[in-house]
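Sequence lines, in order, name chains A and B. The numbering of the first sequence is my numbering, which starts it at 36 and goes up by one. The numbering of the second sequence is my numbering, which starts it at 4 and goes up by one. Virtual Cβ for every residue (Gly too), placed ideally from N, Cα, C. Remember, predicted model here, so these are calculated numbers, not experimental data.
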Amino acid sequence: MIKFWGWIKENYLAIVTPVVLLLIWEAASQLGWIRANLLPGPSAIFMVLVELVKTGELIINLGISIIRVAEGFIIGAALGVLVGVQVALVKKLRVAVSLIFGVLRPIPVIAWIPVLILWLGIDEGSKVTVIAIGSFWTVLVSVVQGIRNVDIKYLEVATILEKDRLTLLTKVILPATLPALFTGVRVGIDVAWRSVVAAELIAASSGIGYMIMYARELSQIDTVLVGVLSIGLTGIVIDQLLIILEKRLLKWNVNIHEA
Amino acid sequence: MSEANTNPQILQFSKLNKAFKIGTELIEVVKDVNLTVKPGEFVSIIGPSGCGKSTLLRLVVGLERNFTGEIRLGEELITGPGVNRGMVFQEARLFPWLTVEENVAFGLGNSESKAERSQVVNEHLELVGLSNFAAAYPSQLSGGMQQRVSIARALVNRPQVLLLDEPFGALDAITRIHMQQEIIRIWQAEKTTILLVTHDIDEAIFLGDRVVVMSKRPATIKTIISVDLPRPRDRNSFDFVKLRRKIYTEFFSEVEVPFAYSI
Chain A
36 MIKFWGWIKE NYLAIVTPVV LLLIWEAASQ LGWIRANLLP GPSAIFMVLV ELVKTGELII
96 NLGISIIRVA EGFIIGAALG VLVGVQVALV KKLRVAVSLI FGVLRPIPVI AWIPVLILWL
156 GIDEGSKVTV IAIGSFWTVL VSVVQGIRNV DIKYLEVATI LEKDRLTLLT KVILPATLPA
216 LFTGVRVGID VAWRSVVAAE LIAASSGIGY MIMYARELSQ IDTVLVGVLS IGLTGIVIDQ
276 LLIILEKRLL KWNVNIHEA
Chain B
4 MSEANTNPQI LQFSKLNKAF KIGTELIEVV KDVNLTVKPG EFVSIIGPSG CGKSTLLRLV
64 VGLERNFTGE IRLGEELITG PGVNRGMVFQ EARLFPWLTV EENVAFGLGN SESKAERSQV
124 VNEHLELVGL SNFAAAYPSQ LSGGMQQRVS IARALVNRPQ VLLLDEPFGA LDAITRIHMQ
184 QEIIRIWQAE KTTILLVTHD IDEAIFLGDR VVVMSKRPAT IKTIISVDLP RPRDRNSFDF
244 VKLRRKIYTE FFSEVEVPFA YSI
C-alpha cells in the first residue's frame, strides 16, 4: 500500500495530464466546438466501447488479432534466436548470409503483405507469416548484437576453466545476451502488433484491423476510434507484462531495477 | 587429467619471449625470462605499468600463445589453458547472473557429483569467509567480497599454481591490506604456489617469499630479491623498510633521493 502511494506520488502527472486533456476534449464536444461525426467526445466513445464489449465484437476481434500476434511472434522469435546464435558464432555463416540479410532486412514488413496474400491467400497463414517476418528480424539483430558484445573478460574466465562449447553457450553467452534479447523481444512484439493491424486493414475477415476497416466503410467514426485506441491499450498492457517478466527473469541485472 | 595431482609443482620459465603484432610492427613484451618458482612458493612480480608483467601471467594460464621458450609446470609443458592453473584478475569477473555459490561452482568441472560439488564449494566459501553470502548476487557484494569470491572460484579446482594479476589494485587501501592478510592465510591453508603481479612495492614485499623486479617493456627480469622476513610481517619494521627502499631505488635509480636529517 505504501508502495502504491509512493508510485502515485512520483507518477501522478502521468495520470493527471491525460485526465485534464480528456476533460477539455469532452467539454469541447459538449459545447459543440468539434463536430461529433468527425470526433465524438470521450464519453460517447466510451459508451460505444461498453457496447462493443457487451456484444463481444471488440473482445473477439481483439482476441483474434492477439492470437495471430502470439503465433507469428513465437515462430519469428524462435527462428530469430536460432539463426541469430548461429550467425553470431559461426563466422563462415555470417559471411555467407551477410549480403542476403542486408537486402532482405530493410524491407518493411508491410511490403510483404501483397506478396503473401498472393502466395497464401487472406487466411491466417499470410497474417501469421507477416508477423513472423517482422519479429524475426528484430529478434535476430538483437541476438547477434548481444552475443557479439559479450564481454571478452567473461569469455576468458570460461577459457581458463576449460569449459566446453555447450557450457560456454548456456552458462555464459546466453545469459549475457538476455538483456539485449529482451529489448529485441519488446521491439519485436511492437513490430508484430503493427504488422497484424496492417495486414488486417488490407485484407481480412476478422481481427481488430478488420473491425476498424469495416466501421470506416459504414462511417462509424466512434467504432473506428474505439478500435484504434484499443490497439494502443493492448500494446501498453503487453509491454508492461514484458517488463514484469524481464524483472523476474533478470533479477541479477541491476540496470533494469532503476527504471 | 591434472586433478589427479594436487601437490604443488615446480614452475619453470626458460628463455621465454613474447611479442605482439600491432599493425605491421612486432612489439616485444616479454624478453628472455628465466625463472624457477619452487613448489608452494609465493613470488611477487613487480614492474612499471604496461611492462608486460600481466602478459607473463596470461602466458602461464594459457590465454596468450605464440611465444618462444618454455613454461613447464612439473613435467607438463604448458601450451594452453588448464584447470591446474587458477587465475584472479584485477576485476573480480564474476558472472552477474549467477549467485556467489554458482559462480564458485562454475570453477568446477563436470566430473563431481552434486553432493561433492556443493561440499567443495561450501569449503571454499568458508575459506574466503563468505559462507553467509552463498545465495547473494555479485552486485550485492562489496568490491573486496567480490574479489574473495573470485579467489574461491580460482581455488575450487585445487590448482597447482594460483596466478594473481593485480588482484587488489581496484580496492581501497584498508580493504587491500585486509585482503593481503587474507591471501596469506589462504596460501598457508591451501599450500599452493602463488605468482602475484603487482605495482605496489609494499604489497610485493609483504606477500612474497621473493620479489621479482621487472624492467620497462620489453619485460626482462632486472633483479630478484629474497624476502627473508618472518611472517606475519610488520610493514613498519626496519628490515621491511630497508627492502622497500632497495626496491624503490631499482625503479628510481637515476634520481638522487635528497636526504635530510632533522634532529
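9 Å Cβ cutoff met for residue i and residue j
{"i": "residue 49 of chain B", "j": "residue 56 of chain B", "result": "yes"}
{"i": "residue 145 of chain A", "j": "residue 241 of chain A", "result": "no"}
{"i": "residue 173 of chain B", "j": "residue 132 of chain B", "result": "no"}
{"i": "residue 74 of chain A", "j": "residue 216 of chain A", "result": "no"}
{"i": "residue 2 of chain B", "j": "residue 124 of chain B", "result": "Here chain B covers residues 4 to 266 and nothing more, so residue 2 of chain B does not appear."}
{"i": "residue 196 of chain A", "j": "residue 110 of chain B", "result": "yes"}
{"i": "residue 246 of chain B", "j": "residue 200 of chain B", "result": "no"}
{"i": "residue 218 of chain B", "j": "residue 54 of chain B", "result": "yes"}
{"i": "residue 47 of chain B", "j": "residue 206 of chain B", "result": "yes"}
{"i": "residue 37 of chain B", "j": "residue 71 of chain B", "result": "no"}
{"i": "residue 312 of chain A", "j": "residue 187 of chain A", "result": "Any answer about residue 312 of chain A is impossible in this case: the structure gives chain A only from 36 up to 294."}
{"i": "residue 1 of chain B", "j": "residue 128 of chain B", "result": "Outside the displayed span of chain B (4 to 266) sits residue 1 of chain B, for which this structure offers no information."}
{"i": "residue 74 of chain B", "j": "residue 62 of chain B", "result": "yes"}
{"i": "residue 211 of chain A", "j": "residue 192 of chain A", "result": "no"}
{"i": "residue 121 of chain B", "j": "residue 289 of chain A", "result": "no"}
{"i": "residue 158 of chain B", "j": "residue 198 of chain B", "result": "no"}
{"i": "residue 111 of chain A", "j": "residue 239 of chain A", "result": "no"}
{"i": "residue 265 of chain A", "j": "residue 139 of chain A", "result": "no"}
{"i": "residue 39 of chain B", "j": "residue 13 of chain B", "result": "yes"}
Residue environment, residue i, which counts as buried when at least 16 other CB atoms sit within 10 Å
{"i": "residue 294 of chain A", "result": "Because residue 294 of chain A carries a pLDDT of 45, less than 50, the predicted location of this residue cannot be relied on, and no value is offered for it."}
{"i": "residue 40 of chain A", "result": "exposed"}
{"i": "residue 154 of chain A", "result": "exposed"}
{"i": "residue 257 of chain A", "result": "buried"}
{"i": "residue 44 of chain B", "result": "buried"}
{"i": "residue 190 of chain B", "result": "buried"}
{"i": "residue 64 of chain A", "result": "buried"}
{"i": "residue 154 of chain B", "result": "buried"}
{"i": "residue 248 of chain B", "result": "exposed"}
{"i": "residue 107 of chain A", "result": "buried"}
{"i": "residue 287 of chain A", "result": "buried"}
{"i": "residue 60 of chain A", "result": "buried"}
{"i": "residue 100 of chain A", "result": "buried"}
{"i": "residue 185 of chain B", "result": "buried"}
{"i": "residue 285 of chain A", "result": "buried"}
{"i": "residue 151 of chain B", "result": "buried"}
{"i": "residue 2 of chain B", "result": "This structure leaves residue 2 of chain B out entirely; chain B is present only between 4 and 266."}
{"i": "residue 68 of chain A", "result": "exposed"}
{"i": "residue 313 of chain A", "result": "No answer is possible for residue 313 of chain A: it lies beyond the span of chain A, which begins at 36 and ends at 294."}
{"i": "residue 149 of chain B", "result": "buried"}
{"i": "residue 37 of chain A", "result": "exposed"}
{"i": "residue 135 of chain B", "result": "exposed"}
Close-in-space but distant-in-sequence residues of the same chain around residue i (CB under 6 Å, 5 per side omitted)
{"i": "residue 7 of chain B", "result": "With a pLDDT of only 43 at residue 7 of chain B, under 50, the local geometry of the prediction cannot be trusted, and the value read off the model is given with reservation. Excluding sequence neighbours, residue 7 of chain B sits near nothing in its chain."}
{"i": "residue 195 of chain B", "result": "11, 165"}
{"i": "residue 236 of chain A", "result": "244, 248"}
{"i": "residue 234 of chain A", "result": "148, 162, 165"}
{"i": "residue 179 of chain B", "result": "171"}
{"i": "residue 52 of chain B", "result": "202"}
{"i": "residue 84 of chain A", "result": "261"}
{"i": "residue 60 of chain B", "result": "166, 168, 200"}
Contacting residues, own chain, Cβ-Cβ under 7 Å from residue i (five flanking each side not counted)
{"i": "residue 5 of chain B", "result": "Low local confidence applies: a pLDDT of 41 at residue 5 of chain B is under 50, so the model's placement there is unreliable, and no value is given."}
{"i": "residue 209 of chain B", "result": "183, 236, 238"}
{"i": "residue 32 of chain B", "result": "21, 22, 23, 55, 58, 220, 221, 222"}
{"i": "residue 204 of chain B", "result": "49, 247, 250, 251"}
{"i": "residue 214 of chain A", "result": "285, 288"}
Beta-carbon contacts of residue i that lie in its chain and below 8 Å, excluding the five residues immediately before and after
{"i": "residue 44 of chain A", "result": "none"}
{"i": "residue 92 of chain A", "result": "246"}
{"i": "residue 80 of chain A", "result": "257, 260, 261, 264"}
Residue-level contact to chain C via CB, residue i, 9 Å cutoff
{"i": "residue 94 of chain B", "result": "Note that chain C does not occur in the displayed structure, where the protein chains are A and B."}
query: Three or more C-beta pairs closer than 8 Å, one from the region 82-92 of chain B and one from the region 15-26 of chain B: is that the case here?
result: no
- request: Scan the region 204-228 of chain B and note each continuous beta strand (DSSP E) run of 3 residues or more that stays entirely inside, going in chain order.
  value: 213-217
field: alpha helix (DSSP H) segments (min. 4 residues) lying fully within the region 120-170 of chain A
entry: 126-139, 144-155
message: Would you call the region 220-235 of chain A in contact with the region 162-181 of chain A, where contact means no fewer than 3 C-beta pairs closer than 8 Å?
response: yes
- prompt: Would the region 176-195 of chain A and the region 116-126 of chain A be scored as touching if the rule is three or more Cβ pairs under 8 Å?
  reply: yes
message: My parser needs the beta strand (DSSP E) runs of 3 or more residues fully inside the region 116-201 of chain B; what are they?
response: 164-168, 196-201
field: Whole alpha helix (DSSP H) elements within the region 191-263 of chain A, 4-residue minimum
entry: 209-237, 243-252
message: If we require 3 or more residues per run, which beta strand (DSSP E) segments fall completely within the region 49-76 of chain B?
response: 71-76
task: Would you check if there are 3 or more beta carbon pairs closer than 8 Å linking the region 93-101 of chain B to the region 198-212 of chain A?
output: yes
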